[in-house]
Structures are given as C-alpha cells and as structure tokens.
Amino acid sequence: MHGMVNRALQGFLTTTYGDAVWAEVRRQAGLPFDDFEAMLSYPDAMTTACFGAAAHVLGKDHATVLEDFGIWLVTDHHLEPVRRLLRFSGARFHDFLHALEDLAERGRLVLPNLDLPRITVAQGDEGRFVIDAVWPVPGAGAILMGCLRAMADDYGTLAFVGLGRAADDASERLEVQLFDAAFTKGRRFELGQVRA
Amino acid sequence: MNVSKTLLQCGDALDRLLPMHLWIGVDAKVVRAGPTLAKMVGRGDLRGQPAFGLITIRHPAPVAGVAALCALSGQRLGLVLTDSPDMPLRAVAVALPDAAGVILDLSLGLSFARAVAAFGLTLRDFSPCDQTIELLYLHEANSATTTLSQHLTARLQHARLEAQTQAMTDPLTGLANRRAMDAEISRALADHAHDFALLQIDLDLFKRVNDSLGHAAGDAVLERVAQVLRQHLRLGDMAARVGGDEFLVLIYDCSDDTELGRIATRLIAACEVPISYRGQLCRISASIGIATVAHSTQRPDLEGLIADADAALYAAKRAGRGRYALHGGTTVVECSAVPMMRGRRANDPPQGGFRRRQDDRVPRPD
C-alpha cells in the first residue's frame, strides 16, 4: 500500500487521538519504524495490521474507526488538498458520485503506484446509487462511507450513505440515497486556488 | 440557406460546445459570444461591440480586421483580452460561408492556472470534454506531491548526515574510526577481568608517497596497511584508522612486553613490504608506541591511556623510523629490515632518554 494511505492513517490517529495512541497502534501492529513516509510504499499487511490495531486500541469497531478516518480525510484542514482534488471531479455531488469511477485513474495520474480503490457506480431510480469498491486491503467501504458523508456536506447535499451487502468477497458495497441537492450552501470551491 | 440564421438558432449548442467562442460579423462587431468568454471579458453583453476592441491578436501577426483574420483560418493564434494583456490565450479562427463572418474559439493555453483564478472560472464554465479541469487537477496535485517529495528528501538528507556522524567505520579502509575505537577502549578499561595493550601506529615516509605519487597512491598504501592490520590481529582485537596516517590497535589479553614487541616487529616488517601502485613502488615504514593495561594496576582513563601510547610513539619516532617503544620502558627497539629506514634524518632531534609528555601529540616528526 502506498505510503500516502499509511501516512494519512498515522496523521488521522495522531491529530485526533494523540501521539500516545499512535505509538500503541504502531507497537501492536508490529511496525519496525516510528513513522510512515508518504512517498514510499509498504506491504499491504502493514496497513491491515494498523487498521486492526487502531480499532483495538481505540476500543471501537473496525468500520467506525475507518469511517472516522474517511471523514477526517475530507474535513481536516491539513488535508485541504485532498478535498480540493476530490472537488475537481464534478460540479454537483451527483456528478462527483459518477466520477468516483475515475478515482483510481485520477490517483495514478499523480502517483503512478498509488493504489486507490477501483470503484464502480450504478445509478438506480430516484437518486439511488450503488457503489462497489475493490481494494487489496479490507476497509475500503467504511473509509469511502466517511469520505462520501463528508463530501455530501461539502457540496451542501442531503444524502444517506450506508454500507450495503457486497456482491462478492472481493468488493465492498455502499448504498447512497440523494434527497436534496441544495440542502445547504456547502463549502466554497474555487478552481483557481487563492494562495496565501 | 442562410448560415447566420441557422447558426443563431443553434446558439445554445454553440455556447455549450464552445463556451469560449467569439463570433465576429463581417462588420467586425460581435454577433455572439460564449458565456465563459463573456465572463472573462467582463463587459456585459458583448453583442454589437467592436470585436477587435475586446481582443488583441498578436501571433502569428497582429490582426485587426475580419478579412485578415479569415486568412488565418485553421491556424493557431496567440492573443490576449485587451483588458487582460498579461494573460496569453490561444485560439483558432474558422471563416464562415455566405459572408456570415468568422468564429474564433479561444482556450486558456498554458496560463490556465492563473487564468482560472484571475477570471474566477468554475467547473461549469468548461465543457465536460475540456481537459483544462484535469490539467488544473494535475497542476495542483503535482505541487502537493512535489512538496511531499521535498520533505522526504530533506528528512533523508538529515538522516544521512546523522548516520555519517554516528558511523563507526572509516570509509576508506573499512577499519573502525576514532569514535568506535574510543568506545572500545572505554569498554576494555571498564572490564577489569582482562588486560590489554594499545598500539599507536604512525606511518613513516607516508607524506613522501603522497607528495610524489599522489593521493591515490597514498590511499592505496592506507588500504594496504589496513589489510596488514586485519591479517595480524586475532578475532576480538580491534584496529582503527584515527587520522590521516595514524592507526590504533587494541590487543586483548596481552600485556607481556616481549610478546607485544614481537607483534610490533611483525607489523613494522609487513608495512615495509613495498606496495606496487601503477607500476611505481611505494615504500613506507611504521613507528609504534605501546601502552599496556594490566588487570592488577590502577587503570588510566581513556585520554590518559592514549596519551601514554602517544608518548611511546613519540619516543620511537625521535629515535628514527621503523621502531617501536613501550610506554614506561627505557629503550626504543629498532626493527626495520630496510637500511634506508634506519638512518636518522639530519634534522631529527637528538636521540636520548625520553619522558612522557601530555602535549607530545602535536609536534611529532614525520
């Protein structure tokens, strides 16, 4: 798994719960170093071990921790670039959902070995979407659920996002129901970034 | 068929396909402008305004008339908005039949990132087929990852420097360095169960090799000496290069003067074997000062022990080349097998009894 993903998990745990929690997760996961490097790659088993250790240390279930991680990815101000890059996908949340199919390709455009989940999106009737994600590490569904809930807020869209029953062992499924595309004003997004 | 009329009926399609188009009539006035272009120009409804007052065509040549523009049909044009002369744009012109004028389609070109910010453009201002959004995304993502890469490089550089200062090995010879040897001597001094000896070795005539045959020859000599030391030491003993041509050797479980003398003699003889470097023979010798630490005695500290070995070395050097001396002894033993090594140099200090001096380390004859 790309260091970007691992480093993000580390960032989530340290900024949300503190260095001591990260130190314990690291110990329980058996990491042979203190910090992940964002620009290096690591065995998938390390990522899986960190997910498991984080749930254990925090005393929460796996999906809850990963959903929080997903929300953090989109909302933490340190990761404003991630939110911005996601917002490039579409002008409306509806477009954004469809563009999730491009997510893995978008990732590879920037970092050729960045293995983001492969996502397929099927639109049903009346604002219903079924989203399947395939990833080498279990947990893509929960992380994506957090991201989508946060992105719906970002677009100002009222939507229900929940885990669904996966079609097969290799994938994880989300179900999305859109209610109101203009529920709130959402957060600003300007294409041209105004640099401080 | 009236082209103008048909095109005007398809105005919405034109806006959606080419949101940055400018349709100029034969009278050089704007017939229609795409919504994104109108937003960029910022002069309200552009219809009827003089087109060449809104844009300034620069490449391939300044153009300010419809006929001249039609003549450039199909070519890549470089232009700016008259109100934004610092934002280079590009365009292509297509002349319409039936005197319907010319359609100019603009794009942001390489200034896209600045242009999007300056004109406040949004995702909706671009055709879904326009790759400008992807360029923007890439532009931003690359800046972010470049920053990350720079951080990583800086951290690695820091770690490398850290590792270098913590390194225990002399990079040229692969022997231990001063830091490693100091640590080993400190360990040995703390271990009262074992006696040991410290040999300080200084190469004779090394400077001559370096000066006459060059640094590469000097390096070859140093590597050869390192090899000699490795060959003559037992497992557990330690050799270090601690200066340009200075070495320290720690020999465990040995404080017998006679045995140490034999070891020093063998080392000097091995160093005197001429070394062939690119067809040239490099001849050197070695002087050795020896200090011993027996288990029963009051032990010196690290600096004291090194000073003892150094004082003995100074005594050996004063007496000539290719000799060793034991600290606390009264004789310097000559063991060079090479006659030229034995002779005292004219400006060597006079031979005689020697006393240990703490500050002997600096003014030492070569």
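Chains as they are written, first to last, in the working numbering: chain F, 1 to 196; chain U, 1001 to 1366.
By construction, the Cβ of each residue, glycine as well, lies at the ideal position given by its N, Cα and C atoms.
is_contact[F:Arg27, chain U] using C-beta, thresh 8 Å: Along the first sequence, read from residue 1 onward, the residue named residue 27 of chain F stands at position 27. Judged by the 8 Å Cβ criterion, F:Arg27 is not in contact with chain U.
The stretch 163-183 of chain F contacting the stretch 124-139 of chain F, beta-carbon criterion three pairs below 8 Å: Output reads yes: the stretch 124-139 of chain F touches the stretch 163-183 of chain F.
Cutoff 8 Å: U:Leu1152 Cβ touching any chain F Cβ: The residue you call residue 1152 of chain U lines up with position 152 of the second sequence. Chain F contact via Cβ: present.
Interface residues of chain B facing U:Leu1326 [CB-CB closer than 9 Å]: This model lacks chain B altogether, as its protein chains are F and U.
CB contact flag (U:Ala1325, U:Leu1305, <8 Å): Sequence index remark: in the second sequence, residue 1325 of chain U carries index 325 (1-based). Sequence index remark: in the second sequence, residue 1305 of chain U carries index 305 (1-based). For the pair U:Ala1325 and U:Leu1305, the CB atoms are not nearer than the 8 Å cut-off.
Residue burial classification, U:Lys1317 (beta-carbon count within 10 angstroms, cutoff 16): Within the second sequence, numbered from 1, the residue matching residue 1317 of chain U stands at position 317. Sixteen is the threshold: when 16 or more other Cβ atoms of the shown chains lie within 10 Å of the Cβ of U:Lys1317, as they do, the residue is buried.
Distance between beta carbons of U:Leu1267 and U:Glu1228, contact taken as under 8 Å: The count along the second sequence starts at 1 and reaches residue 1228 of chain U at position 228. The count along the second sequence starts at 1 and reaches residue 1267 of chain U at position 267. A quick correction: the sequence has Val, not Glu, at residue 1228 of chain U. Contact flag correct, Cβ pair sits at about 7 Å.
Partner residues on chain U for F:Gly90, Cβ-Cβ distance less than 8 Å: Here residue 90 of chain F is taken as the residue at index 90 of the first sequence, counted from 1. Per Cβ cutoff of 8 Å: Leu1123.
Alpha-carbon spacing of F:Leu116 relative to U:Leu1081, whole angstroms: Locating residue 116 of chain F in the first sequence gives position 116, counting from the first residue. Locating residue 1081 of chain U in the second sequence gives position 81, counting from the first residue. If you take the alpha carbons of F:Leu116 and U:Leu1081, they lie about 41 Å apart.
Cα-Cα separation between U:Leu1198 and U:Asp1257, rounded to whole angstroms: Within the second sequence, residue 1198 of chain U is the residue found at index 198, counting from 1. Within the second sequence, residue 1257 of chain U is the residue found at index 257, counting from 1. Distance from the CA atom of U:Leu1198 to the CA atom of U:Asp1257, rounded to whole angstroms, is 12 Å.
Contact check, U:Leu1014 vs U:Leu1007, beta carbons under 8 Å: The count along the second sequence starts at 1 and reaches residue 1014 of chain U at position 14. The count along the second sequence starts at 1 and reaches residue 1007 of chain U at position 7. In terms of Cβ geometry, U:Leu1014 and U:Leu1007 form a close pair [threshold 8 Å].
Given 8 Å, three or more beta-carbon pairs between the stretch 1047-1058 of chain U and the stretch 1019-1036 of chain U: Contact between the stretch 1047-1058 of chain U and the stretch 1019-1036 of chain U is present, because at least three Cβ pairs lie under 8 Å.
For U:Ala1159 and U:His1151, the rounded distance between their alpha carbons: Counting from one through the second sequence, the residue named residue 1151 of chain U turns up at place 151. Counting from one through the second sequence, the residue named residue 1159 of chain U turns up at place 159. Looking at the two C-alpha atoms, the distance is approximately 12 Å.
Boundaries (first-last residue) of the alpha helix (DSSP H) holding F:Leu40: As a working note, residue 40 of chain F is residue 40 in the first sequence. No alpha helix (DSSP H) holds F:Leu40; DSSP gives it neither H nor E.
Sufficient close CB pairs (3 or more, under 8 Å) joining the stretch 1186-1198 of chain U to the stretch 58-74 of chain F: The stretch 1186-1198 of chain U, when compared against the stretch 58-74 of chain F, does not touch it at the 8 Å Cβ threshold.
Helix, strand or coil at U:Val1225 according to DSSP, with G and I counted as helix: Looking up residue 1225 of chain U in the second sequence gives position 225. Three-state result, U:Val1225: helix.
Residue-chain proximity (U:Ala1141, chain F), Cβ-Cβ < 8 Å: The residue given as residue 1141 of chain U occupies position 141 in the second sequence. Yes, contact with chain F.
Cutoff 8 Å; reference F:Met1; Cβ partners in own chain excluding five residues on either side: The residue labelled residue 1 of chain F in the question sits at position 1 within the first sequence. Excluding sequence positions up to five before and after F:Met1, its CB lies within less than 8 Å of the CB of Ser41, Tyr42, Pro43, Asp44, Met46, Thr47, Asp115, Pro136 and Val137, all in the same chain and listed in chain order.
Rounded straight-line distance, which links the Cα of F:Asp154 to that of U:Asp1105: Mapped onto the second sequence, residue 1105 of chain U falls at position 105. Mapped onto the first sequence, residue 154 of chain F falls at position 154. When rounded, the distance between both Cα atoms is 34 Å.
Contacts of F:Pro81 in chain U (Cβ-Cβ under 8 Å): Within the first sequence, the letter at position 81 stands for residue 81 of chain F. Glu1140, Ala1141 and Ala1144, listed in chain order.
Assigned exposure category for U:Asn1002 - 16 Cβ within 10 Å defines buried: Here residue 1002 of chain U corresponds to residue number 2 of the second sequence, with the count starting at 1. Taking a 10 Å sphere around the C-beta of U:Asn1002, we find fewer than 16 other C-beta atoms and assign the residue as exposed.
Cβ-based burial, U:His1139 [other Cβ within 10 Å; buried from 16]: For the purposes of this step, residue 1139 of chain U is identified with residue 139 of the second sequence, where counting begins at 1. Within a 10 Å sphere around the beta-carbon of U:His1139 sit fewer than 16 other beta-carbons, which makes this residue exposed.
Proximity test, Cβ basis, 8 Å: F:Met39 and chain U: If you number the first sequence from 1, residue 39 of chain F lands on position 39. F:Met39 belongs to the set of residues whose beta carbon lies under 8 Å from a beta carbon in chain U.
F:Arg188 classed as buried or exposed, judged by whether at least 16 other C-beta atoms fall within 10 angstroms: Within the first sequence, the letter at position 188 stands for residue 188 of chain F. F:Arg188 comes out exposed.
Neighbour flag for F:Gly11 against chain U, beta carbons, 8 Å: Here residue 11 of chain F corresponds to residue number 11 of the first sequence, with the count starting at 1. Cβ-Cβ to chain U under 8 Å: no for F:Gly11.
Interface flag, U:Leu1136 vs chain F, CB-CB below 8 Å: Residue mapping note: residue 1136 of chain U aligns to position 136 of the second sequence, counting from 1. Under the Cβ distance rule, U:Leu1136 counts among the residues neighbouring chain F, one pair being separated by less than 8 Å.
Opposing strand residues paired with U:Asp1204 [DSSP bridges]: On the second sequence, position 204 is the one that residue 1204 of chain U refers to. U:Asp1204 pairs with U:Ser1285.
Beta-carbon gap between F:Met151 and F:Leu86 smaller than 8 Å: In the first sequence, residue 151 of chain F corresponds to position 151, counting from 1. In the first sequence, residue 86 of chain F corresponds to position 86, counting from 1. Yes; because the gap between Cβ atoms is below 8 Å, this pair is in contact.
Residues that DSSP places opposite U:Glu1246 in a beta bridge: One-based indexing of the second sequence puts residue 1246 of chain U at position 246. Answer is U:Asp1202, bridged to U:Glu1246.
4 or more residues per run - each alpha helix (DSSP H) lying fully within the stretch 30-114 of chain F: Complete alpha helix (DSSP H) runs here, min 4: 44-58, 62-75, 80-87, 93-99 and 103-110.
Contact belief for U:Leu1089 with U:Gly1065 at Cβ below 8 Å, rounded distance in angstroms: Sequence index remark: in the second sequence, residue 1089 of chain U carries index 89 (1-based). Sequence index remark: in the second sequence, residue 1065 of chain U carries index 65 (1-based). That pair is no contact at about 19 Å.
Euclidean distance between Cα positions of U:Ala980 and U:Ala1216: One cannot answer for residue 980 of chain U here, as it falls past the ends of chain U, which runs 1001 to 1366.
Residues near U:Ala1115 by beta carbon distance below 6 Å, same chain, minus five either side: Taking the second sequence and counting its residues from 1, the one referred to as residue 1115 of chain U is at position 115. Excluding sequence positions up to five before and after U:Ala1115, its CB lies within less than 6 Å of the CB of Met1087 and Leu1108, all in the same chain and listed in chain order.
Counted within 10 angstroms of its Cβ, other Cβ atoms place F:Gly30 as buried (16 or more) or exposed: Here residue 30 of chain F is taken as the residue at index 30 of the first sequence, counted from 1. Looking at its Cβ environment, which holds fewer than 16 other Cβ atoms inside 10 Å, F:Gly30 is exposed.
Cβ of F:Arg108 within 8 Å of any chain U Cβ: What you label residue 108 of chain F is simply residue 108 of the first sequence in a count that begins at 1. Closer than 8 Å: no.
Amino acids of chain F, ordered along the chain, whose beta-carbon sits closer than 7 Å to that of U:Val1116: Here the question's residue 1116 of chain U lines up with position 116 in the second sequence. Leu191 and Gly192, listed in chain order.
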